[in-house]
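**Q** Heads up: the protein sequence lines correspond to chains A and B, in order. This note's numbering numbers the first residue of the first sequence as 1 and each following residue consecutively. This note's numbering numbers the first residue of the second sequence as 375 and each following residue consecutively.
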Amino acid sequence: MASLLHDIQHHSVTIAAPLPLDSGQVLSSVTIAYQSYGALNADKSNAVLICHALTGDQYVASDHPATGKPGWWARMVGPGKPIDTDRFHVICANVLGSCMGTSGPASPDAATGAPLGMAFPVITITDMVRAQAMLLDHLGISRLHAVVGGSMGGMQTLAWAATYPDRLASALVIASAARHSAQNIAFHEVGRQAIMADPDWQDGQYYGSARAPTKGLAVARMAAHITYLSEEGLTEKFGRRLQARDIKSFGFDADFQVESYLRHQGLAFTDRFDANAYLYITRAMDYFDLADPHDGRLAGAFAGAKDVRFTLVSFDTDWLYPTSESRRVVQALQSVGAAASFVELSAPFGHDSFLLDVPALDRLVAGSLRSGLI
Amino acid sequence: MKLRPDLAIIADAVPRASRVLDVGCGDGELMAALQGKGVDARGLEIDPDNVTAAIARGQSVVQGDANRDLADYPDDAFDYAILSQTLQTTERPDRVVDELLRIAPRAFVSFPNFAHWRVRLALLWNGRMPVTRLLPVAWYETPNIHHVTVSDFRDLVRAKGIKVERVWHLSGDRPASDAAASWRAEHAIFLISR
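1. Check whether the Cβ atoms of A/Ile123 and A/Leu234 sit closer than 8 Å, and answer yes or no.
2. On the criterion of 16 or more Cβ atoms from any shown chain inside 10 Å, does A/Lys248 qualify as buried, or is it exposed?
3. Taking a contact to mean a Cβ-Cβ separation below 8 Å, would you say A/Val77 touches A/Ile50 in this structure?
4. Please list, in chain order, the residues of the stretch 550–563 of chain B that have any C-beta partner in chain A closer than 8 Å.
5. Could you check the C-alpha separation between A/Ile141 and A/Gln132 for me, to the nearest Å?
6. Looking only at C-alpha atoms, which of B/Lys537, B/Asp423, B/Ser484 and B/Lys411 sits nearest to B/Ala559?
7. I'd like the ranges of any beta strand (DSSP E) spanning at least 3 consecutive residues and lying wholly in the stretch 73–118 of chain A.
8. For a contact meaning CB atoms closer than 9 Å, what does B/Arg480 contact in chain A?
9. Return the CA-CA distance between A/Asp271 and B/Ala391, expressed in angstroms with no decimal places.
10. Under DSSP, the beta strand (DSSP E) around B/Gly417 begins and ends at which residues?
11. CB A/Ala93 to CB A/Leu135, shorter than 8 Å?
12. When you compare only the Cα positions, how much space is there between B/Tyr454 and B/Cys399?
13. Run through DSSP, which three-state label would A/Pro396 get?
14. Have a look at B/Val435 and B/Ala481 and give me their C-alpha separation to the nearest angstrom.
15. So A/Val313 and A/Leu356 are in contact, right, with Cβ under 8 Å, and what is the actual spacing, rounded?
16. So if DSSP puts B/Phe482 in a beta bridge, which residue, or which two residues, is it bridged to?
17. Quick check on the burial criterion: 16 or more other C-beta atoms within 10 angstroms. Buried or exposed for A/Ser209?
18. Please identify, using Cβ separations under 7 Å, the residues of the stretch 380–397 of chain B that lie next to chain A, in order along the chain.
19. Of the residues that make up the stretch 434–453 of chain B, which ones have a beta carbon closer than 7 Å to any beta carbon in chain A?
20. If A/Leu378 sits next to A/Asp255, beta carbons under 8 Å apart, how far is it from one beta carbon to the other, in whole angstroms?
21. Given a cut-off of 8 Å on the beta-carbon distance, is the pair A/Leu40 and A/His89 in contact?
22. Can you tell me the Cβ-Cβ gap for A/Leu298 and A/Ala305, rounded? I've got them flagged as a contact below 8 Å.
23. Given that B/Arg416 touches chain A, what residues does it touch there, using C-beta distances under 7 Å?
24. If contact means a Cβ-Cβ distance below 8 Å, which residues of the stretch 346–366 of chain A contact chain B?
25. In chain A, which residues lie less than 7 Å from B/Gly410 when you measure between Cβ atoms?
26. Indicate the three-state DSSP secondary structure (helix, strand or coil) for A/Gly150 in the structure shown.
27. So which of A/Ser368, A/Thr282 and A/Leu369 has the shortest CA-CA distance to A/Ser151?
28. Shorter than 8 Å from the beta carbon of A/His6 to some beta carbon of chain B?
29. In the DSSP assignment, find the unbroken alpha helix (DSSP H) run with A/Thr270 in it and report its ends.
30. If you pair each beta-carbon of the stretch 471–478 of chain B with each one of the stretch 486–495 of chain B, do three or more pairs fall below 8 Å?
31. Taking the alpha carbon of B/Ala451 as the reference point, which residue from B/Asp414, B/Arg431 and B/Glu419 has its own alpha carbon closest?
32. Can you tell me the Cα-Cα spacing of A/Ala110 and A/Arg130, whole angstroms?
33. Where do the ends of the alpha helix (DSSP H) carrying A/Thr126 lie?
34. Quick check on DSSP: helix, strand or coil for A/Ala2?
35. Please report how far the alpha carbon of A/Thr311 lies from the alpha carbon of A/Val173, in whole angstroms.
36. Assuming contact is defined by CB atoms lying nearer than 8 Å, are B/Ile420 and B/Asp439 in contact in what I supplied?
In structure tokens:
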């Protein structure tokens, strides 16, 4: 329930400085909710920023306050884990435009106190990164040992290297891309239309009402969820098996296991995510193209980043952010002389592989964070 | 860990603090030795398990194919390019040599000498494609699709106007004399330059 979601208390700071946005609008102040793990060392040189994906949050390694489930990357982040909190001070902030305590469409209007809804300005991936930089300024961390992210988190990581190349030593980009493709945009548009076609959406002003566009949001999640899996994975997991029945119903119940699974995924999602935030963040991803300000030359985005060490990882079954997009980034990095590593890992889980049990990924993450450490 | 003899020679010959691309770097063994002397070493490697192992040991390695992906590196991106025991596996060795000397003014190229006496003898006596210590795989499944001899390589670089700065010959992992290297060297390492 959206109303319950917004009642959760998050650890956050409000920074009373203007945040100029790519759209030309300005946020007069910004609230950023974040979690941190591990101790910051005396010279503040061991900070690692983790950037989360579209529907992720700052609870990277702690139980989710709405669902009670373990953090989304608990297998990767913690004491003795690949992102070792015994060595690193790990920070993860809820992105701008999201719904877990950072400024977004559910935030109150400064004048009226009512939720902004669609009056919240459209934001970009780089705007998210600017907000994170403001948080780091607030925390007194001038330079990061590494920025790490998968999917949309990888986009933020690339935007970090393009926007603040002097503020990070290394960048780890997993299952991501430097631009959103027509196919990526198309899937997002399906999701947005599902939300906006739900009469309970009410032009985004549903916060005070008893109705929220949970049906639309669930359909958006169902469509998106398919893109996170591989056909091979879906077939293996569900095939054409029927759900809790022996014969077809000749109706429109969830006859197939895959239908039942998707319905469940869609519905569960609405307990932990806000529909307007979904609109804003998918829009930010669609606008993402790091080459755009450089006449389509991606290398131009990394002109200042030749001293950043990059590691890029793709997965062979990820058709949402395919290997070719990672290679394109690697080519741009090589052309500016940046130290870049790249590997395509084999994993059966499609785009979601970056969140799941892929031992080779663990080794890569640990190794790329270790390098350059004194 | 002890380096393979040809890699040890290359590691020794690369000057400190230079920039190096190791093409076909495997799991990064040579790069690790080079980093020990302050060399900025990067790698290109086709096998994802090797790439993963090299990155996991903290090295900069890109998964890619020497036949195609050298084109992604700008001119003079490195001081040295290294191609060890890989030339004979490439689709067009002549073009690969051109690429090496485009991205770096100097290159180390090492390969098993197909004119070594054991190879000659195997072919002469058995009439079959030789299977030796350095060329251990049968003809139908070998990755070595362009066998090359010391004399062949000298002819290629001469035809291209490429300078040979230095040559090392190896026999049974030991230095072999340059005299009669054509049949006595099991393995050759060339340092070539534009």
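Glycine included, C-beta positions come from ideal geometry on N, C-alpha and C.
**A** Looking at the coordinates:
1. 8 Å or more divides the Cβ of A/Ile123 from the Cβ of A/Leu234.
2. Classification for A/Lys248: exposed.
3. Yes, these two residues count as a Cβ contact at 8 Å.
4. Those residues of the stretch 550–563 of chain B placed with their C-beta closer than 8 Å to a C-beta in chain A do not exist.
5. As the crow flies, the alpha-carbon of A/Ile141 is around 11 Å from that of A/Gln132.
6. Distance check between B/Ala559 and each of B/Lys537, B/Asp423, B/Ser484 and B/Lys411 places B/Ser484 closest, using alpha-carbon atoms only.
7. List check, beta strand (DSSP E) in window: 89–93.
8. Chain order gives no chain A residues near B/Arg480, where near means a beta carbon separation below 9 Å; the closest approach is about 18 Å.
9. Rounded to whole angstroms, A/Asp271 to B/Ala391 spans 56 Å at the Cα level.
10. Boundaries of the beta strand (DSSP E) around B/Gly417: Asp414 to Glu419.
11. When the beta-carbon positions are compared, A/Ala93 and A/Leu135 come within less than 8 Å of each other.
12. Approximately 14 Å between the Cα atoms of the pair.
13. Any question about residue 396 of chain A goes unanswered here, given that chain A covers just 1 to 374.
14. Going by the C-alpha atoms only, they are around 18 Å apart.
15. Not quite, the Cβ-Cβ distance comes to about 13 Å (not below 8 Å), so this is no contact.
16. Under DSSP, B/Phe482 takes part in a beta bridge, and its partners are B/Ile456 and B/Leu565.
17. Counting Cβ neighbours within 10 Å, A/Ser209 comes out exposed, since fewer than 16 surround it.
18. For the stretch 380–397 of chain B, there are no residues whose beta carbon sits under 7 Å from a beta carbon of chain A.
19. Here the close residues are Ser434, Val435, Val436, Gln437, Asp446, Tyr447, Pro448 and Ala451.
20. In this structure chain A extends from 1 to 374, so residue 378 of chain A is not present and cannot be described.
21. One thing to note: A/Leu40 has its Cβ within 8 Å of the Cβ of A/His89.
22. Rounded, the Cβ-Cβ distance is 11 Å, inconsistent with contact.
23. Taking the beta carbon of B/Arg416 as reference, the chain A residues within 7 Å of it are Ala339, listed in sequence order.
24. So the list reads Ser346, Ala360, Arg363, Leu364 and Ala366, given in the order they occur along the chain.
25. Those do not exist, as B/Gly410 stays about 14 Å from chain A at its closest Cβ, beyond 7 Å.
26. Under the three-state reduction of DSSP output, A/Gly150 falls in the strand class.
27. A/Ser151 has its Cα closest to that of A/Thr282, out of A/Ser368, A/Thr282 and A/Leu369.
28. Contact of A/His6 with chain B is not assigned, every C-beta pair being separated by 8 Å or more.
29. Unbroken alpha helix (DSSP H) run through A/Thr270: Gln257 to Thr270.
30. With a cut-off of 8 Å on Cβ pairs, the stretch 471–478 of chain B is not in contact with the stretch 486–495 of chain B, counting fewer than three such pairs.
31. Relative to B/Ala451, the option among B/Asp414, B/Arg431 and B/Glu419 whose CA is nearest is B/Asp414.
32. Their Cα atoms are separated by approximately 21 Å.
33. First-last of the alpha helix (DSSP H) with A/Thr126: Ile125 to Leu139.
34. With a pLDDT of only 46 at A/Ala2, under 50, the local geometry of the prediction cannot be trusted, and the value read off the model is given with reservation. Here A/Ala2 carries a helix assignment [DSSP, helix/strand/coil].
35. Rounded to whole angstroms, the separation of the alpha carbons of A/Val173 and A/Thr311 is 6 Å.
36. Against a cut-off of 8 Å, the Cβ pair of B/Asp439 and B/Ile420 comes out as a contact.
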